[in-house]
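To keep things clear, I will list the structure first and then write my remarks on it.
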Amino acid sequence: KPGGGEQADAFALVREEVDCVTERLRRDIFTEIPALERAAEYFFRAGAEGKRLRSSMLLLAASALAPAPPSLHHLTIDPAPPAEHPQDVRRRQQRIAEITELIHVASLLHDDVIDSSGTRRGKKSLNAVVGNKVAILAGDFLLARASVSLASLQNSEAIMLMSQSLEHLVAGEILQLTADADEAASMDHYLRKTYCKTASLMANSCKAVAVLGGHSQADCHAASEYGRHVGLAFQLVDDIMDFTCTASEMGKPGLNDLRSGLATAPVLYAAEEHAELLPLIQRRFKEEGDVEAALGMVEASSGLQRTRQLAAFHAAEAVAAVQGMSAPATQHAAEHRAGLLQVTQRVLDRKK
Ligand code: FPP
Ligand code: MG
Ligand code: MG
Numbered sequence: 119k120p121g122g123g124e125q126a127d128a129f130a131l132v133r134e135e136v137d138c139v140t141e142r143l144r145r146d147i148f149t150e151i152p153a154l155e156r157a158a159e160y161f162f163r164a165g166a167e168g169k170r171l172r173s174s175m176l177l178l179a180a181s182a183l184a185p186a187p188p189s190l191h192h193l194t195i196d197p198a199p200p201a202e203h204p205q206d207v208r209r210r211q212q213r214i215a216e217i218t219e220l221i222h223v224a225s226l227l228h229d230d231v232i233d234s235s236g237t238r239r240g241k242k243s244l245n246a247v248v249g250n251k252v253a254i255l256a257g258d259f260l261l262a263r264a265s266v267s268l269a270s271l272q273n274s275e276a277i278m279l280m281s282q283s284l285e286h287l288v289a290g291e292i293l294q295l296t297a298d299a300d301e302a303a304s305m306d307h308y309l310r311k312t313y314c315k316t317a318s319l320m321a322n323s324c325k326a327v328a329v330l331g332g333h334s335q336a337d338c339h340a341a342s343e344y345g346r347h348v349g350l351a352f353q354l355v356d357d358i359m360d361f362t363c364t365a366s367e368m369g370k371p372g373l374n375d376l377r378s379g380l381a382t383a384p385v386l387y388a389a390e391e392h393a394e395l396l397p398l399i400q401r402r403f404k405e406e407g408d409v410e411a412a413l414g415m416v417e418a419s420s421g422l423q424r425t426r427q428l429a430a431f432h433a434a435e436a437v438a439a440v441q442g443m444s445a446p447a448t449q450h451a452a453e454h455r456a457g458l459l460q461v462t463q464r465v466l467d468r469k470k
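Each residue of the sequence shown is one higher than the last, beginning at 119 in full-length UniProt numbering.
In structure tokens:
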């Protein structure tokens, strides 16, 4: 169970460092152009910064492979570029966390424009406040800052990994947007899209952290697999919550996916038991009563249960990836490996 009894809270293990990453992010998006800066900082302000799941995972992964804790100097907000500390592995790994948050927020800014969404994280979306044009440019600006930051690491493998996940984000969005009737009803297509939209950034950023740590190919792969499986589990749980959470719990309307025409895992599984669901999926639930009918069939099927089982499978694979890490399991590393396992459990147990 999350935080269960004797075990330390996984997020607390890296909270100070995540705070530090967040603070640097707030400073690093400074620009001479006030309108751009106001827009760019919208989701980095205190209270609007989100769960910072990605940063926490990445720093836990860095420590899970490191024999000893980083020095206190890693907790200064001083934005000195890593080039000044070429040997400073931890600082470089923190930078991957910053870049990952920048890319993630940029993709959300663009996503809310594409989805014409008025809310995000329980607040007004940026496009709702400043309009689509400025919101898109703010996303582009964050990507530009992420690119400069990434280049400054002077590590071509890390650059490759993070750039690949950028491509995957775009590919995932396009796969979703342009799916034909058969693809809309295909579990393979859904899983491919889900990898691109959610799991790739987690996988590649975890791998980049391991690469910058100078770890073995096997451990870099383990870090990547951890991120990939946690990402897939995360999205499957998200898809379940779209059916089980009310608007107030999520800060966004429930049945969002169905209403926007998307068949996620619970619906695709349900369609295997109720073939009548297929035409609804293929016409994107756009006829009167489709959403309600689809909901009924999902509830009358094992769709939600099977989706939960698939999420649990990916969570178990994430755990196996951590348990297979070959770097020495010093007390420090072991504590943070346990932290990674706890994150996995929380992703599975989360209710919003
Ligand atoms: C949220 O999905 C969206 C994503 C995870 C990725 C969106 C990617 C793009 C818009 C491509 C452009 C990428 C960059 C980096 C600029 P959702 O709409 O399914 O979920 P949500 O709105 O409920 O969070
Ligand atoms: Mg959206
Ligand atoms: Mg979207």
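Backbone N, C-alpha and C define an ideal beta-carbon position, used for all residues, glycine too. Given the structure is predicted, the values throughout are model-derived calculations rather than measurements.
Fully enclosed beta strand (DSSP E) runs of no fewer than 3 residues are not present anywhere in the region 202–275. The region 370–387 makes contact with the region 412–427, as at least three CB pairs between them are under 8 Å. With a threshold of 6 Å, the Cβ atom of ASP233 counts as near ligand 3, since some heavy atom of the ligand is closer than that. Around GLU301, the same chain offers HIS307 as residues with beta carbons nearer than 7 Å, after the five sequence neighbours per side are excluded.
Here PRO188 is buried. Its C-beta has 16 or more other C-beta atoms within 10 Å. With a threshold of 6 Å, the Cβ atom of ASP229 counts as near ligand 3, since some heavy atom of the ligand is closer than that.
By the neighbour-count definition (other C-beta atoms within 10 Å, threshold 16), MET278 is an exposed residue. In this structure, the beta-carbon distance from THR218 to ARG144 does not fall below 7 Å. For HIS192, the closest C-alpha among the options CYS138, SER283, GLY257, ARG468 is that of CYS138. A buried status is given to GLY331, since no fewer than 16 other beta-carbon atoms sit within 10 Å of its beta-carbon. Secondary structure at LEU380: coil, using DSSP grouped into helix, strand and coil. When distances are taken from the beta-carbon of SER281 to the heavy atoms of ligand 1, even the shortest one reaches 6 Å or more.
Within the chosen limit of 6 Å, ligand 1 reaches the beta carbon of LYS315 through at least one heavy atom. The Cβ atoms of ALA439 and ALA340 sit closer than 7 Å to each other. The closest heavy atom of ligand 1 lies less than 6 Å from the beta carbon of LEU287. Using a Cβ-Cβ distance cut-off of 8 Å, the region 269–287 and the region 316–332 are in contact, since at least three pairs of beta carbons, one from each stretch, lie closer than that value. Judged by DSSP in its simplified three-state form, HIS432 adopts helix.
DSSP, reduced to helix, strand and coil, places MET443 outside both helices and strands of the structure shown, so it counts as coil. A direct Cα-Cα distance of roughly 50 Å separates GLN427 from GLU150. In terms of Cα proximity to ARG209, the closest of ALA164, LYS242, VAL136, VAL252 is VAL136. For THR462, the enclosing alpha helix (DSSP H) stretches over residues 449–467. With distances taken between CA atoms, LEU271 lies nearest to VAL329 out of LEU260, SER235, TYR313, VAL329. Rounded to the nearest angstrom, the gap between the Cα atoms of PHE403 and LEU293 is 18 Å. DSSP places THR296 within a helical segment (H, G or I) once states are collapsed to three. ALA436 sits away from LEU466, with the two beta carbons spaced by 7 Å or more.
If you draw a straight line from the Cα of ILE232 to the Cα of ARG346, it comes to about 25 Å.
For the set ASP258, MET175, LYS470, ARG156, the Cα lying nearest the Cα of LEU354 is the one of LYS470. The beta carbon of GLU159 sits closer than 8 Å to the beta carbons of ARG144, ILE147 from its chain, once the five residues preceding and following it are set aside; these are given in chain order. Judged by DSSP secondary structure, TYR344 falls within the alpha helix (DSSP H) whose first and last residues are 335–362.
Between LEU458 and LEU183, the C-beta gap is not smaller than 7 Å, which leaves the two residues out of contact. DSSP, read as helix, strand or coil, puts ARG426 in helix. By the 16-neighbour rule on beta-carbons within 10 angstroms, ASP127 is exposed. For CYS314, no alpha helix (DSSP H) segment is defined, and its DSSP state is neither H nor E. Around GLU141, the same chain offers ILE195 as residues with beta carbons nearer than 7 Å, after the five sequence neighbours per side are excluded. In its chain, beyond the 5 residues on either side, LEU260, LEU261, ALA264, MET280, SER283, LEU284, LEU287, LEU319 have a beta carbon closer than 8 Å to the beta carbon of ILE221. Taking 6 Å as the cut-off, the C-beta of GLU291 counts as close to a heavy atom of ligand 1.
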